[in-house]
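Every letter in the sequence shown is one number past the one before it in our numbering, and letter 299, counting from 1, is 301. In this text, a Cβ means the ideal position worked out from N, Cα and C, and glycines have one as well. In this text, all values refer to a predicted model and were calculated from it rather than measured experimentally. Following: one structure in structure tokens, then a few remarks.
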Amino acid sequence: MEEAEGARFLLTEGVVLLGAALASVMLFRRLGLGAVLGYLVAGVIIGPHVLGLVGGGESKLDIAEIGIVLLLFLVGLELNLARLWRLRREIFGLGLAQVVLCGLAITAMIFVVTGFTSGAALALGLPLALSSTAQVLPSLKSSGRINTAFGERAFSILLFQDLSIIPLITIIAALSRAPADPSVPPGWLLAVYTVGAIAGLVLAGRFILSPLLKLVGRLGERELFVVVGLFTVLASAALMEALHLSTALGAFIAGVMLADSPYRHEIEADVEPFRSILLGLFFLAVGMVLDVQAVLANPLFVVGMAAALVVLKTGVIFAIARAFGFETRQAFSLGLLLSQGGEFGFVLFTQAQDALLIEPEAASLFSAVVTLSMATTPFLLAIARRFERGKEQASIDGLEGPEAAEQARALVIGYGRFGQTVAQMLMARNVSVTLIDRKPSQIELSSTFGLKVYYGDGRRIDLLRRAGAEQAKIIIFCIDDRSLDGAHLRTIVQAFPHARFLMRAYDRRQLIEYSKVNVAGTVREVYESAVMMGIHALEELAVPADEIAEVEREYRRRDIARMEKQAEAGDLYAAKEMMFRPGSPMNRGECG
Numbered sequence: 003m004e005e006a007e008g009a010r011f012l013l014t015e016g017v018v019l020l021g022a023a024l025a026s027v028m029l030f031r032r033l034g035l036g037a038v039l040g041y042l043v044a045g046v047i048i049g050p051h052v053l054g055l056v057g058g059g060e061s062k063l064d065i066a067e068i069g070i071v072l073l074l075f076l077v078g079l080e081l082n083l084a085r086l087w088r089l090r091r092e093i094f095g096l097g098l099a100q101v102v103l104c105g106l107a108i109t110a111m112i113f114v115v116t117g118f119t120s121g122a123a124l125a126l127g128l129p130l131a132l133s134s135t136a137q138v139l140p141s142l143k144s145s146g147r148i149n150t151a152f153g154e155r156a157f158s159i160l161l162f163q164d165l166s167i168i169p170l171i172t173i174i175a176a177l178s179r180a181p182a183d184p185s186v187p188p189g190w191l192l193a194v195y196t197v198g199a200i201a202g203l204v205l206a207g208r209f210i211l212s213p214l215l216k217l218v219g220r221l222g223e224r225e226l227f228v229v230v231g232l233f234t235v236l237a238s239a240a241l242m243e244a245l246h247l248s249t250a251l252g253a254f255i256a257g258v259m260l261a262d263s264p265y266r267h268e269i270e271a272d273v274e275p276f277r278s279i280l281l282g283l284f285f286l287a288v289g290m291v292l293d294v295q296a297v298l299a300n301p302l303f304v305v306g307m308a309a310a311l312v313v314l315k316t317g318v319i320f321a322i323a324r325a326f327g328f329e330t331r332q333a334f335s336l337g338l339l340l341s342q343g344g345e346f347g348f349v350l351f352t353q354a355q356d357a358l359l360i361e362p363e364a365a366s367l368f369s370a371v372v373t374l375s376m377a378t379t380p381f382l383l384a385i386a387r388r389f390e391r392g393k394e395q396a397s398i399d400g401l402e403g404p405e406a407a408e409q410a411r412a413l414v415i416g417y418g419r420f421g422q423t424v425a426q427m428l429m430a431r432n433v434s435v436t437l438i439d440r441k442p443s444q445i446e447l448s449s450t451f452g453l454k455v456y457y458g459d460g461r462r463i464d465l466l467r468r469a470g471a472e473q474a475k476i477i478i479f480c481i482d483d484r485s486l487d488g489a490h491l492r493t494i495v496q497a498f499p500h501a502r503f504l505m506r507a508y509d510r511r512q513l514i515e516y517s518k519v520n521v522a523g524t525v526r527e528v529y530e531s532a533v534m535m536g537i538h539a540l541e542e543l544a545v546p547a548d549e550i551a552e553v554e555r556e557y558r559r560r561d562i563a564r565m566e567k568q569a570e571a572g573d574l575y576a577a578k579e580m581m582f583r584p585g586s587p588m589n590r591g592e593c594g
């Protein structure tokens, strides 16, 4: 009887949680405020401190943290060890500077404003230096910026923040006024556990997971990929939890181990729905645990401290980013992106409370500060996007985005001299085309010829969705720069698997990158025109036509062979002996 009652209770809570999330997220999306704020507000309303429709926010927060674990696992799938090694300066340089300098600045502010002891101020200030991985990473992924230079630097900071959880717990334990907990290992042993666990996960990925995935692939059972993916995430998280380490870090390492697996796309597609649901539940739970009474009792303190936190972190991160070579606009955007408090702050505040460094009331107040700062993120991101557009804003206002276009069979991204030729050939056969460009001057010029070009950055996945990429038959990138690299292109291709992709490659390096992505074709932008110029030059030098044809055939053959070897080796200098050099023509004779 009690079991049946408990099942009905869980069913009722599930209906309330999902119903509140659905209504609130739809409303906030409609208002342009983002899903995260919708989840937070829904959690506050149905939580024990307002309507009381659902209780046990802390227990739900523990379960929902699996959403963060899954998020880090999916991010790990997009990175491999070589790429992480390339980012080592950003992770351990930029990331370390952000955590240390922000932590000390916030500690000083709390010490001056509240009059807390130095130990209490440090136990509160260091956790507030951390940002919300659960908010920032989905934003970077949805905008297609996770694989850009800006996105990689932001991710590097977030990754170091996750690594810093263990040192921060050690610092709080060292300041503790409570009797030592014999169940928690000392800090030096946690560091040993961390190295050992990472090494163990690396070996498990190489010698257990890879053979297991090959077996599953041969069996052809799709649901087994779901089982393997979830097992990998939960097993790695459980191992780290047992060692008192960061579960999210364990999941991230597991993802990195599978980044080079040929089956990673299947795993990513199968795990993604679970990540979305649990991450939404996490933000609901954050809203539920917010002590509204504590906020109402000290509204000016909570609001003022949240505002000071955002302003201070933005300023410090801006200064650090400028010191690391960021442009002014990107540095300010990074500061706004990482200015909120993070979900791991709740964990560290509990540690500080158990260590008798802060009172329960202080833990509730600063948890409210973190939650309120997280609620500001959608607004700050909107400000950052407007700021990044800078001087172009005046000319951008009034330009229509691709969401206003009718559904077309083809999307052409970039309507310069290259894209114009491609698009007009499609139009000649009455193929419906949506034209997208990010240069207002080009859009305005095109309008004088009676052509509608929509404004937007076609490298962004969210913009491509608004343009109808999920229904388009072909997507053609005619961008005149190197801004779209192979890793970024791969995420776009994965997002729209039913479309065919044609790519304009800026140079040989970009062509090598694109050769590793499943696209229908690539065109090196000046290749054919350069070959034609070479033919014309030989004609002007009176070289016989049959010899010119032979030169063209041999050059094209060697170029294709070189490209294959360069792509295989990942090295621009591979097969350089196949290049023609002065004094070494095909037949060793003089031409012309």
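- CA-to-CA, the gap between Ala-175 and Ala-357 works out to about 7 Å.
- The C-beta distance from Ile-385 to Leu-338 rounds to 6 Å, short enough to meet the 8 Å contact threshold.
- Nearest neighbour of Asp-482 by Cα position, chosen from Arg-526, Phe-152, Ala-489, turns out to be Arg-526.
- A Cβ-Cβ distance of about 5 Å is found for the pair Leu-286 and Tyr-41, placing them in contact under the 8 Å criterion.
- According to the DSSP assignment, Ala-354 belongs to the alpha helix (DSSP H) that extends over 346 to 356.
- Between Phe-503 and Ile-477 the beta-carbon gap is near 5 Å, inside 8 Å, which marks them as a contact.
- With a contact defined as Cβ atoms closer than 8 Å, Arg-155 and Leu-96 qualify at about 6 Å.
- Between the alpha carbons of Ala-261 and Ile-494 lies a gap of roughly 17 Å.
- Proximity of the segment 348 to 367 to the segment 375 to 385 falls short of the contact definition, fewer than three beta-carbon pairs being nearer than 8 Å.
- Around the beta carbon of Lys-475, fewer than 16 other beta carbons lie within 10 angstroms, which makes this residue exposed.
- Here the segment 515 to 522 does not lie against the segment 538 to 546, with fewer than 3 beta-carbon pairs under 8 Å apart.
- Spanning the alpha carbons of Val-194 and Gly-202 requires a straight line of approximately 12 Å.
- The beta carbons of Leu-73 and Arg-277 sit about 6 Å from each other, so the pair counts as a contact at 8 Å.
- Arg-583 is the residue among Glu-542, Arg-583, Leu-20 whose C-alpha sits nearest the C-alpha of Arg-560.
- Inter-residue distance for Arg-511 and Glu-270 is about 28 Å (C-alpha atoms, whole angstroms).
- If you ignore the 5 residues before and after Val-435, its C-beta comes within less than 7 Å of the C-beta of Ala-410, Ala-412, Val-414, Ala-425, Leu-428, Met-429, all in its own chain and listed in chain order.
- Excluding the 5 residues flanking it on each side, Leu-251 has same chain C-beta neighbours closer than 7 Å at Asp-164, Leu-165, Met-242, in chain order.
- Out of Leu-382, Pro-362, Leu-247, Val-52, the CA that lies nearest to the CA of Thr-316 is found in Leu-382.
- Close CB contacts of Phe-320 within its chain, under the 7 Å cut and outside five residues either way in sequence, are with Ala-333, Phe-334, Gly-337 (chain order).
- Boundaries of the beta strand (DSSP E) harbouring Asp-439: 435 to 439, taken from the DSSP string.
- In the three-state DSSP reduction, Met-28 falls in the helix class (H, G or I).
- Per DSSP, the beta-bridge partners of Met-505 are Phe-479, Thr-524.
- Nearest to Phe-162 by alpha-carbon distance, out of Ser-212, Gly-121, Ala-107, Val-101, is Val-101.
- Note on the segment 299 to 335: whole alpha helix (DSSP H) runs with a minimum of 4 residues are 301 to 325, in chain order.
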